[in-house]
Amino acid sequence: MAAAKTSQGDEVWKKMELGLIPDEELRRLIKIEVEKRIKWFTKPTEQEQLAQLLDVVKSLRGMPIGSDDDEAHNSKFYDTPRSFDILIAGRTIKETSGLYTDPTITMDEAAEKMMDLYCERADIKDGQTVLDLGCGCGPLVLHIAKKYKNCKVTGVTNIPSQKDFILEQCKIRNLSNVEIIIADFLEKDIEATYDRVFLISVIEHFKNFGLVLREISKWVKDDGGLLFLEHLCHKRFAFHAAPIDEDDWFGKYILPTGTLPSANTLLYFQDDITVVDHWVLNGLTTFGLTKEECLKNLDNNMEEIKYEFKSYYGIGEEETLKKINWWRVLFIIWEEMFKYNNGEDYMVAHLLFKKK
Ligand SMILES: C[S@@+](CC[C@H](N)C(=O)[O-])C[C@H]1O[C@@H](n2cnc3c(N)ncnc32)[C@H](O)[C@@H]1O
107 MAAAKTSQGD EVWKKMELGL IPDEELRRLI KIEVEKRIKW FTKPTEQEQL
157 AQLLDVVKSL RGMPIGSDDD EAHNSKFYDT PRSFDILIAG RTIKETSGLY
207 TDPTITMDEA AEKMMDLYCE RADIKDGQTV LDLGCGCGPL VLHIAKKYKN
257 CKVTGVTNIP SQKDFILEQC KIRNLSNVEI IIADFLEKDI EATYDRVFLI
307 SVIEHFKNFG LVLREISKWV KDDGGLLFLE HLCHKRFAFH AAPIDEDDWF
357 GKYILPTGTL PSANTLLYFQ DDITVVDHWV LNGLTTFGLT KEECLKNLDN
407 NMEEIKYEFK SYYGIGEEET LKKINWWRVL FIIWEEMFKY NNGEDYMVAH
457 LLFKKK
């Protein structure tokens, strides 16, 4: 059998993975990919731009909820030692967007400001029932449980070790109003409905947004229930995460699955829910600066992270180096994408929906 052809992109990636490309050059190569995508998906007329978006919307409608290789890809992202999450994301353990109202505030302060904004926009009232789907290491669950002592907060995660970690954090923080369910939230039977449902930086994993929102809407109370959703986006175009040409190491090795919606893509999926409010946030002062901080934290804790990776994954020096470089490249890609054009291209979208 003929050996698979190695592209120029494969060669670039091999060097990146071994840390053989200095950061300045790495950023230059990443900027080329960021600009390539913007050129590729930006159309010369509004008519063609809208057609680009609707092509993606229509293709998503015809697809299953997720793509086949999601599991392997997701485990790369989420099967991590909890010590790594703490070293990277700080006290709040929030790795998704913070809100840098001022560039000098700390990562913890920015994370708290963003979670306060979620609560304000979702109009949470103390005493309500709250559900956080795809809660990760629990930043929002812990934040709401502390801020609203009479709310009953439920988090759903598909990573079992995250449950133990969150419950341990509840003990440390003296919180008794939290419940964590281990489940794939798309497969769990609906037993309860909630006043407020949150989906923070999860929808980008999926394909058929209509089916995802149908499943999620079942958890939202009929009477006054609200769904608050955050996702990364481009302000105008949407695209399937996949290589855009044969040299595209970026699409092949880092972001091979899922979908990046445009700021308004979800408005085309309102069969079971109705939009109540909609916002976009600058990409630089949210995800861009958050990922800059994640990178600094990774670099400042390199020796400890190497040690944690080696013992958690049971791997040697070279595999550890590759894992660390995968994270470094990912953080730099996200930083460059969301800082591009002062954060006015790649952005963060917030949407508030009620049930139909
Ligand atoms: C980018 S992380 C965001 C985590 C958290 N919402 C936050 O803001 O920190 C996406 C999370 O969604 C979870 N997830 C994805 N699909 C899921 C599913 N079908 N059921 C449960 N959790 C899921 C992943 O395990 C991961 O923790």
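Take the sequence shown: its letters are residues 107 to 462, numbered as in this note's numbering. Note that beta-carbon positions come from the ideal geometry of N, C-alpha and C, so glycine has one too. Quick caveat, the model's predicted, so the values are computed rather than measured.
Any heavy atom of ligand 1 closer than 8 Å to the CB of residue i?
i           : result
residue 311 : yes
residue 374 : no
residue 315 : no
residue 183 : yes
residue 264 : yes
residue 275 : no
residue 240 : yes
residue 246 : yes
residue 112 : no
residue 151 : no
residue 383 : no
residue 339 : no
residue 290 : yes
residue 454 : no
residue 259 : no
residue 380 : no
residue 79  : Given a span of 107 to 462 for the chain in the structure shown, any question on residue 79 remains unanswerable.
residue 155 : no
If you drop the 5 nearest sequence neighbours on each side, which residues of the same chain put their C-beta closer than 6 Å to that of residue i?
i           : result
residue 326 : 303, 333, 461
residue 191 : 199, 243
residue 146 : 350
residue 445 : 390, 394
residue 163 : 374
residue 127 : 121
residue 385 : 456
residue 416 : 426
Please report the distance separating the alpha-carbon of residue i from that of residue j.
i           : j           : result
residue 422 : residue 407 : 18 Å
residue 277 : residue 197 : 15 Å
residue 251 : residue 374 : 33 Å
residue 297 : residue 114 : 51 Å
residue 185 : residue 268 : 10 Å
residue 240 : residue 294 : 13 Å
residue 329 : residue 335 : 19 Å
residue 458 : residue 129 : 39 Å
residue 396 : residue 402 : 10 Å
residue 361 : residue 439 : 10 Å
residue 226 : residue 234 : 14 Å
residue 236 : residue 260 : 6 Å
residue 411 : residue 404 : 8 Å
residue 221 : residue 156 : 32 Å
residue 213 : residue 223 : 15 Å
residue 206 : residue 383 : 22 Å
residue 189 : residue 414 : 7 Å
residue 452 : residue 307 : 14 Å
residue 367 : residue 228 : 21 Å
residue 400 : residue 437 : 7 Å
Identify the continuous beta strand (DSSP E) that holds residue i and give its terminal residues.
i           : result
residue 336 : 332-340
residue 309 : It is not in any beta strand (DSSP E) - residue 309 carries neither H nor E in the DSSP assignment.
residue 453 : 452-461
residue 352 : From DSSP, residue 352 is part of no beta strand (DSSP E); its letter is neither H nor E.
residue 285 : 284-288
residue 259 : 258-263
Residue i lies in the alpha helix (DSSP H); which residues open and close that run?
i           : result
residue 221 : 213-228
residue 320 : 315-323
residue 277 : 266-278
residue 195 : 188-195
With a CB to CB cut of under 7 Å and the five nearest residues on each side skipped, what residues in its chain are close to residue i?
i           : result
residue 171 : 292, 312, 313, 314, 317, 318
residue 442 : 133, 136, 137, 140
residue 427 : 124, 125
residue 398 : 441
residue 275 : 244, 248
Given residue i, which residues of its chain have a CB within under 8 Å of its CB, disregarding the five upstream and five downstream residues?
i           : result
residue 107 : Per-residue confidence for residue 107 stands at a pLDDT of 46, beneath the threshold of 50, marking its modelled position as unreliable; no derived number is given.
Unbroken alpha helix (DSSP H) runs of length 4 or more, entirely within the segment 384-450: which are they? DSSP assignment within the segment 384-450 yields the following whole alpha helix (DSSP H) runs of 4 residues or more, N-terminal first: 395-406, 408-419, 423-445.
Ranges of the alpha helix (DSSP H) found wholly within the segment 119-159, counting only runs of at least 4: Taken in chain order, the whole alpha helix (DSSP H) runs of length 4 or more contained in the segment 119-159 are 129-147.
Let me know the beta strand (DSSP E) ranges lying completely inside the segment 228-254, each 3 residues or longer, listed in chain order. Segments of the beta strand (DSSP E) lying fully in the segment 228-254: 235-239.
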